[in-house]
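Residue numbers (this note's numbering): 1 to 991.
Each residue gets a CB set at the ideal place from its N, CA and C atoms; glycine is no exception.
Here the structure is laid out as structure tokens; the discussion comes afterwards.
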Amino acid sequence: MRNQKTRLLATTMIGGFAALAFAAPAMAQDAPAPQEETQLGEIVVTGSRIPQTNLVTTSPVTQVTGEDIDVAGVTRVEDLVAQLPQAFAAQNSTVANGASGTATVSLRNLGSSRTLVLIDGRRMGYGSPNDDAADLNQIPEQLVERVEVLTGGASAVYGSDAIAGVVNFIMKKDFEGIQLDAQYAFYQHNNDYDGVGNVRAEILRRGQTNPAQFQLPDDNVVDGESKSINMIMGVAAPDGRGNLMAYAGYRNNSPILQGERDYSSCALGAPAAATPETFTCGGSGTSFPGQFTDFSTFAYTVDQTTGDFIPYDGNLNAYNFGPLNYYQRPDERYTLGAFGQYQINDKAEVFAQLMFSDYESVAQIAPSGSFFSVADINCDSPLLSAQQSAAIGCTPAEIAAGDRTTLYVARRNVEGGGRQDSINYTSYRGVVGVRGEFMPGWNYDVAAQFSRVRLARTYLNDFSVTRLTRALDVVDVGGVPTCRSVVDGTDTTCVPYDVFSPGGVTQEALDYLQIPLIQTGETTQQVVTAAITGDTGWSMPTASRTLQVAFGAEYRRDALGSVTDNAFAIGDGAGQGGPTIGFTGDTDVAEIFGEFQLPLADDQPWAYSASIDGAYRRSEYENVGTDTYKIGADYAPVEDIRFRASYSRAVRAPNVIELFTAQGFNLFDMDFDPCDAVNNPGPVPASCIGTNPWQVTAAQSASGALNSPAGQYNFLQGGNPDLLPEEADTFTLGAVWTPSFAPRFNLSVDWFDIQVDGAIQTLGALNTLSLCYDQGDADACNRIDRNAGGQLWVGDGNVEDLNINIGGFETSGVDINANYGVDLEDWGAPAYGSLAFSFVGTWLNELVTDTGAGQSNSVYDCTGFYANQCGVPNPEWRHRARMTWVSPWDMDLSATWRHFGEVEIAVLGADGSLNNSAPRIDRYFDAMNYLDLAATWQVRDTITLRAGVNNVLDSDPPLSYSVGTTGNGNTYPQLYDALGRYFFFGVTANF
């Protein structure tokens, strides 16, 4: 029966006020009743296939609504989800270096691969050939009715990947008419940073000697404009048995450069000894006008007046790579789709979902160049002056003979501009099926699902290492500097790259050196599901409700293919950090599943209600089979309070990317090389010195050359076809209080504990280095391969860090949700409407990583820490609180308080502790608080206006020189508001 067309996947809020609340647990205040009296209102809850009349699930579910999208002014749904304290942003619009172009979410900070994303209870496929997590860019924000977040493992219901939990996007349905929605937004920021580090003063000081690279932005900036327009059209079938809804949308976001914020206008470095309270403006050794060194006896740059070599000083000459990096990537997105259903007869209803999106973004980082890519030069090079030849040790005899001498060239391509990674995803998703009641109380649902994501990627403005080598290998031909490759016919198009003379770089040289790198790829997912749900009619003597069951089977195939051009494949891009190698692979699984819900008591002297539920799934992969299961219970001794508990075993099978990614170099972040006696604030481990591949000489340790000025080092990444599925055990225990004396109040408190064993992960290059040098682990040492100069950041020096099954993770804590509504009439102000209050907070008890190496520091807890092993900050306490005034004049005003607790930089000790940092000005990030204001005004029955300001106080983010590529712009914009105030204005019109 479809008299109520919309089958909700969780509850609406208690007491109508909560439609304006920020987030709330899924719950109900109604007493249990016989099912035959409530079939028209049955509700499918996220985490179960069984329709239920009772809205309190045994596993905690938190939700945000479509109204929250309007109040928060977001046009990217990942920004809405990330406002929940259970969620952490992973890939999003603030990622530049290392951006996949997708938008992903990581529940409990266990990784986006361990968060299953659903649309109306059906899984999304891989977001990209480069990212196995679902891409939230595919979801049109104005079509979202609400988002439900389920804590803990749900593999027994949904299959693999639901380790940390489930994010379920419930879309609008049964819409009739036409709705137009438009929004314009922008950022405004006052550049008056006055936090720790004296950043503005340092930029001004550096600008006195290098104004081209160090300058403060305007005091007041307005940028990052966002424009979106969406249209929804819906029509009911003339006979009232069906509905068709179509949608279309367009979104455009403008870029923001780091140079447009004072606190990100320079790449921060550690304070100098003479000014311990002031960050330095650090940067990269690949600089302009360049660094020329043998990493032993000399390091020079070019005097821009005389053209002579002069000593290179990293404190003065390091390249400020920050200003050209994008703080917010530009993007453009088109969405189009249709949802429909039609009831053929009383036994069958057909349904379909068709979704299309075209998304394009550009990730810009600092210019490319020669990243020490060329290791020597011929002494008779006509590009070298006599002074320069002598400075690098070329004797007259060597010049006459054309002998080669060691010379590493590190020079930025400032003439060619920033590296731009242009990423385009074209995504298709379709679901078709039939469902209905085949006998009284028993329903079936059979559906087929197909999704495809196509990637077209072009990387611009990078240098070719092959061409760079040729362009610096130059000889004199009749007084004309000429590439040796032109003379010998190897490459007749070569143009000399003169970086030794001021103004010597020509456009012809850039045209030769700069190459596009191209990657194309595709992911597909095919799912066929058949499920039956039913009422057995049997009940316990003490219960009025009957035993409900669900069972079925599912087949799923995920395939991925990636093709790269030769430049990508051989690592010819100088600024890539390593090759990007194409690969193909697929996985498939056949599964059977079942669920039950058994009421134990209704309206008994000892229980107002009580029930248990369970689920089981058997999954057969090509080489392994897995079993997942869940058991839960809830007990309400009286109507006002309910206790709930659950245990689940979840499984995540290795995906195509983890299994089959080709091996190649990538970059990891590290403050200093542990064997570097110059930059290591502590003593250099004795195990660093020696002749093994992982060791350095005493002279190399003392040279300072082991340190990467940009804080980036090489690691060898790659897939592993021998990976095993990871397993997770989730426990939850909580209580829900809906007091009858305060019918508009509800409170839920839930403890969670998630333990992941055999996690599919890399060990981590930092952990490998610690195991080798601090613990003497021979296997770890054998994974470290330094180059001839002892470095891990130049040439082929690297740390091997392939995918393996590590020990695992464990996280636990408490979620708190509360909502309260009050008519102001109760407070003696009957003419002023009502107030609604909502609160959602998470206390993080532990976030433990076990590398599985078996050493004393192989297990560490990142709760309250950031950076290094811990990455994005993990505050012990986070919350969102909102108050909404529902006025009697069709205007609602909302104020939201967002809070992030204090964190400390993580420095791993020999005993596994992380609070080992030496005194430094960024050792702690203070707690951050943000105030958001919003208003909605229903001008007419069919027109609603909205406006708001997020981060009203324009709070500056906390800064650190250790954020690396995990963060961006000296902070973590995935977590903190790094761009300033966000103003938005929108209108919704219904016809």
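| Asked | Found |
| --- | --- |
| Boundaries (first-last residue) of the alpha helix (DSSP H) holding Glu1080 | Outside the shown range of the chain (1 to 991) lies residue 1080, about which nothing can therefore be said. |
| Pairwise C-alpha distance: Gly121 and Glu42 | At Glu42 the pLDDT is 37, less than 50, meaning the model places this residue with poor confidence; the figure from the coordinates comes in the next sentence. Answer to the nearest angstrom: the Cα atoms are 16 Å apart. |
| Bridge partners - Thr762, DSSP secondary structure assignment | Asn803 |
| Inter-residue spacing [alpha-carbon to alpha-carbon] between Ala33 and Asn623 | In this prediction, Ala33 scores a pLDDT of 40, lower than 50, which makes its location untrustworthy; no coordinate-derived value is stated. |
| Bridge partner(s) assigned by DSSP for Ser464 | Gly573 |
| Residue closest to Asn566, alpha-carbon to alpha-carbon, out of Arg545, Gly504, Val465 | Val465 |
| Cβ-based burial, Thr75 [other Cβ within 10 Å; buried from 16] | buried |
| Residue closest to Arg557, alpha-carbon to alpha-carbon, out of Tyr621, Pro681, Phe500 | Tyr621 |
| Beta-carbon proximity check, Ser583 vs Gly307, cutoff 9 Å | One point to set straight first is that residue 583 is Phe, not Ser, in the sequence displayed. No, these two residues do not count as a Cβ contact at 9 Å. |
| For Asn817 and Asp30, the rounded distance between their alpha carbons | Because the pLDDT at Asp30 is just 38, under 50, the model does not fix this residue reliably, and the value given afterwards should be weighed accordingly. Roughly 19 Å separates the two Cα atoms. |
| In DSSP terms, what Cys281 is bridged to | Leu268 |
| Sequence ranges, beta strand (DSSP E) only - wholly within the region 622-668, length at least 3 | 625-638, 641-652 |
| Closest Cα partner of Gly283 within the set Met891, Ala710, Thr863, Gly948 | Ala710 |
| Proximal residues to Ala705 (C-beta, below 7 Å), its chain only, five neighbours per side dropped | Phe295, Gly789, Gln791 |
| Residue ranges of each beta strand (DSSP E) within the region 467-542, 3 or longer | 474-477, 480-483, 514-535 |
| Where Asp262 sits in the DSSP three-state scheme | helix |
| The region 537-551 contacting the region 456-471, beta-carbon criterion three pairs below 8 Å | no |
| Distance between Glu148 and Ala10 (C-alpha atoms, nearest Å) | Because Ala10 carries a pLDDT of 31, less than 50, the predicted location of this residue cannot be relied on, and the following value inherits that uncertainty. So the two alpha carbons sit approximately 7 Å from each other. |
| Nearest neighbour of Ser812, chosen from Leu110, Glu437, Met171, Ala569 [CA to CA] | Leu110 |
| Contact belief for Gln183 with Met231 at Cβ below 8 Å, rounded distance in angstroms | Going by Cβ atoms, the distance from Gln183 to Met231 rounds to 13 Å, so no, they are not a contact pair. |
| Simplified DSSP assignment, three categories, for Tyr158 | helix |
| Reduced DSSP category for Asn679 - H, G, I as helix; E, B as strand; rest coil | coil |
| Of the residues Ile570, Gly314, Asp262, Asn929, the one placed nearest Gly197, counting alpha carbons only | Asp262 |
| C-alpha distance - Asp313 paired with Ser370, whole-angstrom precision | 18 Å |
| Extent of the continuous alpha helix (DSSP H) to which Arg1070 belongs | The question about residue 1070 has no answer here: the residues shown for the chain are numbered 1 through 991. |
| First and last residue of the uninterrupted beta strand (DSSP E) at Asn424 | 418-439 |
| Helix, strand or coil at Asn782 [DSSP, three-state] | coil |
| Neighbourhood of Arg644 by C-beta distance below 6 Å, restricted to the same chain and skipping five residues each side | Thr58, Asp634, Gly734 |
| Beta-carbon gap between Val434 and Val350 smaller than 9 Å | yes |
| Selection from Gly833, Pro51, Arg946 that minimises the alpha carbon distance to Trp889 | Gly833 |
| Top-ranked residue by Cα proximity to Ala590, from Gly614, Ser609, Tyr555, Tyr512 | Tyr555 |
| Contacting residues, own chain, Cβ-Cβ under 8 Å from Asp777 (five flanking each side not counted) | Leu771, Ala853, Gln855 |
| Touch test, the region 865-882 against the region 122-133, Cβ-Cβ under 8 Å, three pairs minimum | no |
| Distance CB(Pro725)-CB(Arg652) smaller than 9 Å | yes |
| Which listed residue (Val105, Glu145, Glu141) has its alpha carbon closest to that of Asp132 | Val105 |
| Beta-ladder partner(s) of Glu810, from DSSP | Gln755, Val848 |
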